[in-house]
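Student: One structure, pasted below without further comment.
There are 2 protein chains.
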Amino acid sequence: MAVASKLTKRTRTGRAAASGAESLARKAYEQIRDEILQGKLAVGDILSRRRLAADLNMSFLPITEALQRLEAEGLVESRPRIGTRVRIPTKQDIIDSFVIREALEAQAARLCCDKMTSTERDQVARNAKRLDDLYKASASESEDSRFLFSVQTYHMQFHMLIAELARCPGLLRAIEKEQVLVFNWLYDTATHRNSLPVNFHSDLAKALCSGDRMKADEAMRKHISYGLNSVVESLGTLELSKRWRLTRGR
Amino acid sequence: MAVASKLTKRTRTGRAAASGAESLARKAYEQIRDEILQGKLAVGDILSRRRLAADLNMSFLPITEALQRLEAEGLVESRPRIGTRVRIPTKQDIIDSFVIREALEAQAARLCCDKMTSTERDQVARNAKRLDDLYKASASESEDSRFLFSVQTYHMQFHMLIAELARCPGLLRAIEKEQVLVFNWLYDTATHRNSLPVNFHSDLAKALCSGDRMKADEAMRKHISYGLNSVVESLGTLELSKRWRLTRGR
DNA sequence: CTTTCGCTCATGATATATCAGAAGCTCACC
DNA sequence: GGTGAGCTTCTGATATATCATGAGCGAAAG
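Listed below in structure tokens is the structure:
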């Protein structure tokens, strides 16, 4: 038996096993998270642990763990013995999120301004240019939602690139978390955002590469604040109800 | 020990009474968290879910939930089917934590600089003065650890006051989380920190009340960075091992 | 004496079962 | 017709049971 188990053991490398065989809870977490981020689960949708368990072919204990994690991250909210749903953010929540993003990303701007190599400066400048081109295209062309989605994703990756170049793993993780939050909340409203100033990202890149960390900090703050303003406006029309309605059937 | 806990086991009906009772998981979370923060559980200590369940008179499912939450917050770390222990931070972890604190608290400094009323300015100035006095006293007087602990707690409250005056709930929560992290990691090393510059906190308070948000930002960054430097030094001598040793007996 | 292999046992992960609370529906009652 | 007490059925919370895994110890081989 011991021999058999050794034989069936996956490639001695050990680390490889981790990526292949994840825990059920982790699988559930990633699945649900992705569905929320992709909009398959809309803001306010009810998440029944039992139904999810049935759908994903597991008991609802891993589901519970996944939902707890999502709740800690702010993507869902749950009330004891009542239910769990995709979180409906308050206006204040969104403002707060932008305040935190501004703080973290301005810090990242300072750090990467200090630490970037010349190769990396080029990379940032190039990505910024491409991003500006994409936005210009999205303003003039058709309203293809898949295209807008990919632009949005690309924009997020641009911010993550800057965070990465700060060479501070913890900061990167923190920024990623806030980015995900905002991305989820604003995905639909962001698709019809008004057009951005010309060279919006290229100017930011220039400040980041200027070598003056104060300038980098301030440029990043402007960049983020601009997003906040345009979002708060579109949010005014949304008028979300916060009542817990369980819509029994389905 | 285990015997005693069995003898004190409650009757079946002894579960939490209807009103005003928290969930078991939350109770477990707070209990364990407090024990870590108070140093009853040292860095690296093993946390057995079953033993904790026996000690706290509950099944180990609430314990599991509590530990998951603590893990998400970075206070403990666990490896699948091996064990859970109080987290041993890397040097990099600590540096990252300070980078994030600097970002968040500098943001708080800006905001409270803009928003404080004159009453609140007085309050900040007063607390800063008292804090400076306490540190002066702790430098000259005996090394009573309880006294040092209370100074440390007071210092934390000072920072939380500033965060609160920023009037941004999300930012307050984020700062609180990072504060707790650092407090846990550094509690013991912080007790024998070298003395601070004179008027360390009063100068900070003056900048915060100056009405110039840039000055406030920079003053806060200096304040936090100073802590980082003194901590990295004392950490060099600590040399923590990251091996997972489970010490079967006990 | 050192090294290696295999057994044992404690661990966290998961499944199943049961409990208490709350939302919504039904229908008698005003 | 409107209303509310009570039942039904969902929810999450918790308890108990079982499983695969890996650490650590000891015996056997060098």
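Protein chains in written order, with my numbering: chain E, 1 to 250; chain U, 251 to 500.
Think of the CB as a built atom: it goes at the ideal place given N, C-alpha and C, for glycine as much as any other residue.
Only a predicted model underlies this, so the values are computations on that prediction, with no experimental measurement involved.
Since residue 312 of chain U meets chain E, which of its residues come closer than 9 Å, beta carbon to beta carbon?
Tutor: Stepping through the second sequence from its first residue, residue 312 of chain U is reached at position 62. Ordered by position in chain E, no residue passes the 9 Å Cβ test against residue 312 of chain U, which lies about 12 Å from the chain.
Student: Looking at the structure shown, is residue 501 of chain U part of a helix, part of a strand, or coil, going by DSSP?
Tutor: Outside the displayed range of chain U (251 to 500) lies residue 501 of chain U, so it cannot be described from this structure.
Student: Taking just the CA atoms, how far does residue 303 of chain U sit from residue 59 of chain E?
Tutor: Locating residue 59 of chain E in the first sequence gives position 59, where the first residue counts as 1. Locating residue 303 of chain U in the second sequence gives position 53, where the first residue counts as 1. Cα to Cα, the separation comes out at about 22 Å.
Student: May I ask you to report which of helix, strand or coil DSSP gives residue 293 of chain U?
Tutor: As a first step, residue 293 of chain U is located in the second sequence; it is residue number 43 there, counting from the start. If DSSP states are grouped into helix, strand and coil, residue 293 of chain U belongs with coil.
Student: Establish whether the CB of residue 457 of chain U and some CB of chain E are separated by less than 8 Å.
Tutor: Here the question's residue 457 of chain U lines up with position 207 in the second sequence. Not one chain E Cβ lies under 8 Å of residue 457 of chain U.
Student: Please check if any C-beta of chain U sits within less than 8 Å of the C-beta of residue 97 of chain E.
Tutor: In the first sequence, the residue the question calls residue 97 of chain E occupies position 97. Judged by the 8 Å Cβ criterion, residue 97 of chain E is in contact with chain U.
Student: Between which two residues does the beta strand (DSSP E) containing residue 77 of chain E stretch?
Tutor: The count along the first sequence starts at 1 and reaches residue 77 of chain E at position 77. Its beta strand (DSSP E) spans residues 76-79.
Student: Do you know offhand how far residue 294 of chain U's Cα is from residue 336 of chain U's?
Tutor: Here residue 294 of chain U corresponds to residue number 44 of the second sequence, with the count starting at 1. Here residue 336 of chain U corresponds to residue number 86 of the second sequence, with the count starting at 1. Residue 294 of chain U and residue 336 of chain U have their alpha carbons spaced roughly 5 Å apart.
Student: For the beta strand (DSSP E) that contains residue 336 of chain U, what are its first and last residues?
Tutor: Along the second sequence, one-based indexing puts residue 336 of chain U at 86. Run containing residue 336 of chain U: 333-336, per the beta strand (DSSP E) assignment.
Student: Under 8 Å Cβ to Cβ from residue 409 of chain U, same chain only, skipping five residues before and after it: list those, please.
Tutor: Position 159 of the second sequence, counted from the first residue, corresponds to residue 409 of chain U. Around residue 409 of chain U: 355, 425, 429.
Student: Leaving aside the five residues before and after residue 83 of chain E along the sequence, list all residues of the same chain whose C-beta is less than 8 Å from its C-beta, in chain order.
Tutor: By one-based count along the first sequence, residue 83 of chain E stands at place 83. For residue 83 of chain E, the CB contacts under 8 Å within the same chain, skipping 5 residues up- and downstream, are 46, 47, 48, 244, 246 in chain order.
Student: Specify whether the region 341-350 of chain U and the region 395-405 of chain U touch according to this definition: at least 3 beta carbon pairs, one from each stretch, less than 8 Å apart.
Tutor: no
Student: So, for residue 244 of chain U: in the same chain, excluding its five sequence neighbours on each side, which residues have a beta-carbon less than 7 Å away from its beta-carbon?
Tutor: Missing from the structure shown is residue 244 of chain U; chain U here goes from 251 to 500 and no further.
Student: Which of the three DSSP states is assigned to residue 416 of chain U in this structure?
Tutor: Translated into the one-based positions of the second sequence, residue 416 of chain U becomes position 166. The answer is coil: DSSP assigns residue 416 of chain U none of H, G, I, E or B.
Student: With C-beta atoms as the reference, is residue 131 of chain E less than 8 Å away from residue 201 of chain E?
Tutor: Residue numbering aside, residue 131 of chain E sits at position 131 when the first sequence is read from its first letter. Residue numbering aside, residue 201 of chain E sits at position 201 when the first sequence is read from its first letter. It is a contact, given that the beta carbons lie within the stated cut-off.
Student: My assumption, with CB atoms under 8 Å, is that residue 416 of chain U sits in contact with residue 365 of chain U. Please give the rounded CB distance.
Tutor: By 1-based counting over the second sequence, the position of residue 416 of chain U is 166. By 1-based counting over the second sequence, the position of residue 365 of chain U is 115. The pair is a contact, with the Cβ atoms about 7 Å apart (cut-off 8 Å).
Student: Using only the alpha-carbon positions, how far apart do residue 91 of chain E and residue 226 of chain E sit?
Tutor: Here residue 91 of chain E refers to the residue found at position 91 when the first sequence is read from its first residue. Here residue 226 of chain E refers to the residue found at position 226 when the first sequence is read from its first residue. The alpha-carbon atoms of residue 91 of chain E and residue 226 of chain E are separated by roughly 16 Å.
Student: Given that residue 517 of chain U touches chain E, what residues does it touch there, using C-beta distances under 7 Å?
Tutor: Because chain U is modelled from 251 through 500, residue 517 of chain U falls outside the range shown and cannot be assessed.
Student: DSSP three-state label for residue 261 of chain U, please.
Tutor: Working through the second sequence from its first residue, we reach residue 261 of chain U at position 11. Interpretation of residue 261 of chain U is limited by its pLDDT of 29, a score under 50 that renders its predicted location unreliable; no figure is taken from the coordinates.
Student: By the criterion of Cβ-Cβ separation under 7 Å, what are the contact partners of residue 102 of chain E in chain U?
Tutor: For the purposes of this step, residue 102 of chain E is taken as residue 102 along the first sequence, with counting starting at 1. Going along chain U in sequence order, the residues near residue 102 of chain E (Cβ under 7 Å) are 357.
Student: Whole angstroms are fine: how far does the CA of residue 197 of chain E sit from the CA of residue 320 of chain U?
Tutor: As a working note, residue 320 of chain U is residue 70 in the second sequence. As a working note, residue 197 of chain E is residue 197 in the first sequence. Whole-angstrom Cα-Cα distance: 44 Å.
Student: Between residue 213 of chain E and the rest of its own chain, which residues show a CB-CB distance below 7 Å, the 5 nearest in sequence each way excluded?
Tutor: On the first sequence, residue 213 of chain E is found 213 positions in, with the first residue counted as 1. Result list for residue 213 of chain E: 110, 113, 114, in chain order.
Student: Any beta-carbon of chain E closer than 8 Å to the one on residue 263 of chain U?
Tutor: On the second sequence, residue 263 of chain U is found 13 positions in, with the first residue counted as 1. With a pLDDT of only 31 at residue 263 of chain U, under the threshold of 50, the placement of this residue in the model should not be trusted; the figure read from the coordinates follows. So no, residue 263 of chain U is outside the interface.
Student: By Cβ distance below 6 Å, which residues in the same chain neighbour residue 412 of chain U in space, the five residues on each side in sequence not counted?
Tutor: As a working note, residue 412 of chain U is residue 162 in the second sequence. So the list reads 358, 362, once near-sequence residues are dropped.
Student: How is the alpha helix (DSSP H) around residue 342 of chain U delimited, first residue to last?
Tutor: Here the question's residue 342 of chain U lines up with position 92 in the second sequence. From DSSP, the alpha helix (DSSP H) with residue 342 of chain U extends over 341-365.
Student: For residue 449 of chain U, which residues from the same chain have a beta carbon less than 8 Å from its beta carbon, with the 5 sequence-adjacent residues on both sides left out?
Tutor: In the second sequence, the residue the question calls residue 449 of chain U occupies position 199. If we look at residue 449 of chain U and ignore the five residues flanking it on each side, its Cβ neighbours are 382.
Student: Which residue from U/435, U/434, U/350, U/278 puts its Cα closest to that of residue 305 of chain U?
Tutor: The sequence position of residue 305 of chain U within the second sequence is 55, counting from 1. The shortest C-alpha separation from residue 305 of chain U is found at U/278.
Student: CB-CB under 6 Å to residue 482 of chain U, same chain, minus the five flanking residues each way: which ones, in chain order?
Tutor: Within the second sequence, numbered from 1, the residue matching residue 482 of chain U stands at position 232. Cβ within range, chain order: n/a, list empty.
Student: Where does residue 445 of chain U fall in DSSP's three states?
Tutor: For the purposes of this step, residue 445 of chain U is identified with residue 195 of the second sequence, where counting begins at 1. Here residue 445 of chain U sits in coil by DSSP.
Student: Using a Cβ-Cβ cutoff of less than 7 Å, which residues in the same chain neighbour residue 62 of chain E once the five nearest sequence positions on both sides are dropped?
Tutor: Taking the first sequence and counting its residues from 1, one reaches residue 62 of chain E at position 62. Excluding positions up to five away in sequence, the list reads 24, 25, 28.
Student: With 8 Å as the threshold, decide whether the Cβ of residue 204 of chain U is near any Cβ in chain E.
Tutor: The shown model of chain U, from 251 to 500, leaves out residue 204 of chain U, and the question about it has no answer.
Student: In whole angstroms, give me the CA-to-CA distance for residue 307 of chain U and residue 31 of chain E.
Tutor: As a position in the second sequence, residue 307 of chain U is number 57, starting the count at 1. As a position in the first sequence, residue 31 of chain E is number 31, starting the count at 1. Looking at the two C-alpha atoms, the distance is approximately 35 Å.
Student: What residues of chain U sit near residue 93 of chain E, judged by a beta carbon separation below 8 Å?
Tutor: Residue 93 of chain E sits at position 93 when you count from the first residue of the first sequence. 420, listed in chain order.
Student: Output, in sequence order along the chain, the residues in the region 311-336 of chain U whose CB is closer than 7 Å to any CB in chain E.
Tutor: 315, 318, 319, 322, 330
Student: Please list the terminal residues of the continuous alpha helix (DSSP H) segment that includes residue 202 of chain E.
Tutor: By one-based count along the first sequence, residue 202 of chain E stands at place 202. Residue 202 of chain E -> alpha helix (DSSP H) spans 200-208.
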